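Residue 1423 is where the sequence shown ends in our numbering, and the numbering goes up by one at each step. Just so it is clear, CB atoms sit at the ideal spot from N, CA and C, and this is done for glycine as well. All of these numbers come straight from a predicted model, not from anything done at the bench. Below: one structure, written as structure tokens.
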Amino acid sequence: MTDVFNTKSKIIITCNKRLSAYLKQEVEELGFTIKRFFSTGVELEGTVNDCIPLNLNLRCASQVLYSVASFDARNPGELYNRLMEIEWENLIAFDGYFSVTSNVNNEYITTPLFANVKVKDAVVDRIKDKKGIRPNSGPEWNKTVLHLYWQESQADIFLDTSGETLSKHGYRKIPGKAPMLEALATGTILSSNWDQKSTFINPMCGSGTLAIEAALLATNKRPGLFRMNYAFMHILGYDEQVFFVERRKLKDISKKEIDFKIIASDISADAVNISENNAKTAGVDHLITF
């Protein structure tokens, strides 16, 4: 598999527990068909180009994972050998940077860090064999990201097309104390069956996440408007025009005004100030009464 941007494969979209029903609804509203639904995500089929609108639009998701290969691997040696068969030189620049994450349950692995190192070694060795130069790797998720899902003898290696988690929507520069995750805030609002046209009141607003997410829902502003870097941008073959076309769609469907009140309050003046600053970053401060 070389042209991942135009080749269909399994896509797993992960989320926090109890958000999968809302994630499923979001994905289906974008026109995708769900093949499998589980407590922490959904499965569908598509290309890496399909992953671009998913990353930009989804409010309840954590990561969008595109399957590169599925295979049997009983131990670290077999894992390494199977990973060496994959054409990583067509996915990761030889002078690039990548990181590895994993979810592992295998009798030979006592820490996921060891599995991560085996993945890194295989990828680096393959690219060095083919190109003569090895890419750099490390813990940062701001370039190419690989994800290993290895349960007993069954392994899946994914391109994590998101990188930094989608559950943070990018506008909250001042978190305050014990902030609510943005994706969880969206799920909380959706679970309340709020009609997005009646008054919304957020007492004890903290950093303002609930009020801001309510305003973003009401104006149909998607998380992709607040973010300009995703892991899919660092995969070889990426066409930035696809991203800009999808981002333009987000601007076209968003609204600037609402005809009802959103109110955020807190006993702490500092919390109210933090909420207002975060709302300004999100571009919805004019919609919220603090």
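(1) Flag this pair as touching only if the segment 1293–1308 and the segment 1204–1211 have three or more C-beta atom pairs under 8 Å; answer yes or no.
(2) Rounded to the nearest angstrom, what separates Ala1412 and Ser1153 at their Cα positions?
(3) Using only the alpha-carbon positions, how far apart do Lys1388 and Leu1187 sit?
(4) Comparing alpha-carbon positions, which option in Pro1336, Asp1289, Asp1293, Leu1350 lies nearest Ala1316?
(5) Cα separation between Pro1268 and Leu1343?
(6) Tell me the residue span of the beta strand (DSSP E) that contains Tyr1363.
(7) What does DSSP give as the partner residue(s) for Leu1177 in the beta ladder?
(8) Which residue comes first and which comes last in the beta strand (DSSP E) that contains Arg1215?
(9) Less than 9 Å between the beta carbons of Met1337 and Ile1400, yes or no?
(10) Using a 10 Å radius around the Cβ and a threshold of 16 neighbouring Cβ atoms, would you call Ile1386 buried or exposed?
(11) Shortest alpha-carbon distance to Ser1295 belongs to which of Gly1179, Gln1329, Tyr1199?
(12) Inspect the beta-carbon positions of Leu1216 and Lys1251 and report whether they are closer than 9 Å.
(13) From what residue to what residue does the beta strand (DSSP E) around Glu1234 run?
(14) Report the option in Gly1229, Ala1194, Ile1391, Gly1174 whose CA atom is closest to the CA atom of Asn1353.
(15) Starting from Asp1403, follow the alpha helix (DSSP H) in both directions and report where the run begins and ends.
(16) I'd like to know whether the C-beta atoms of Leu1383 and Leu1358 end up nearer to each other than 9 Å.
(17) Taking the beta carbon of Ser1235 as the centre, do at least 16 other beta carbons fall within 10 Å, making it buried, or is it exposed?
(18) In chain order, what are the residue ranges of uninterrupted beta strand (DSSP E) at least 3 long that sit wholly in the segment 1231–1286?
(19) Cα separation between Ser1232 and Gly1164?
(20) Alpha carbon to alpha carbon, what distance is there between Gly1265 and Val1137?
(21) Exposed or buried, Gly1271, counting other C-beta atoms within 10 Å across all chains shown (16 or more means buried)?
(22) To the nearest angstrom, how far is the alpha carbon of Thr1321 from that of Thr1140?
(23) Reducing DSSP to helix, strand and coil, say where Phe1170 ends up.
(24) Examine chain C for any beta-carbon lying closer than 9 Å to the beta-carbon of Thr1244, and answer yes or no.
(25) Using the C-alpha atoms, what's the distance from Thr1135 back to Ser1142?
(26) CB Val1405 to CB Phe1376, shorter than 9 Å?
Checking against the coordinates, here is how it stands:
(1) Under the three-pair Cβ rule at 8 Å, the segment 1293–1308 does not count as touching the segment 1204–1211.
(2) It is roughly 27 Å from the alpha-carbon of Ala1412 to the alpha-carbon of Ser1153.
(3) The alpha-carbon atoms of Lys1388 and Leu1187 are separated by roughly 20 Å.
(4) Just measuring C-alpha positions, the residue of Pro1336, Asp1289, Asp1293, Leu1350 sitting nearest Ala1316 is Leu1350.
(5) Each residue's alpha carbon lies about 41 Å from the other.
(6) For Tyr1363, there is no enclosing beta strand (DSSP E), since its DSSP letter is neither H nor E.
(7) According to DSSP, Leu1177 bridges with Ile1144.
(8) Unbroken run through Arg1215 is the alpha helix (DSSP H), 1209–1217; no beta strand (DSSP E).
(9) Yes. Within cutoff.
(10) Ile1386 comes out exposed.
(11) Selected option, being the one with the closest Cα: Tyr1199.
(12) With respect to the 9 Å criterion, Leu1216 and Lys1251 are classified as neighbours on the basis of their beta carbons.
(13) Per the sequence shown, the amino acid found at residue 1234 is Thr instead of Glu. Looking at the DSSP string, the run of the beta strand (DSSP E) that includes Thr1234 is 1230–1238.
(14) Of the candidates Gly1229, Ala1194, Ile1391, Gly1174, the one whose C-alpha sits nearest the C-alpha of Asn1353 is Ile1391.
(15) 1402–1415 is the span of the alpha helix (DSSP H), which, as asked, contains Asp1403.
(16) The answer is yes: Cβ separation under 9 Å.
(17) Buried: at least 16 other Cβ atoms inside 10 Å.
(18) Positions of the beta strand (DSSP E) runs, each at least 3 residues long and wholly inside the segment 1231–1286, are given as 1277–1284 in order along the chain.
(19) Straight through space, the alpha carbons of Gly1164 and Ser1232 are spaced by roughly 31 Å.
(20) C-alpha separation (whole angstroms): 23 Å.
(21) Exposed, by the Cβ-count rule.
(22) Taking the straight line joining both Cα atoms gives about 35 Å.
(23) Annotated three-state conformation of Phe1170 is strand, per DSSP.
(24) No chain C is part of this structure, which consists of one protein chain only.
(25) Each residue's Cα considered, the two are about 12 Å apart.
(26) Result no, Cβ atoms of Val1405 and Phe1376 do not sit closer than 9 Å.
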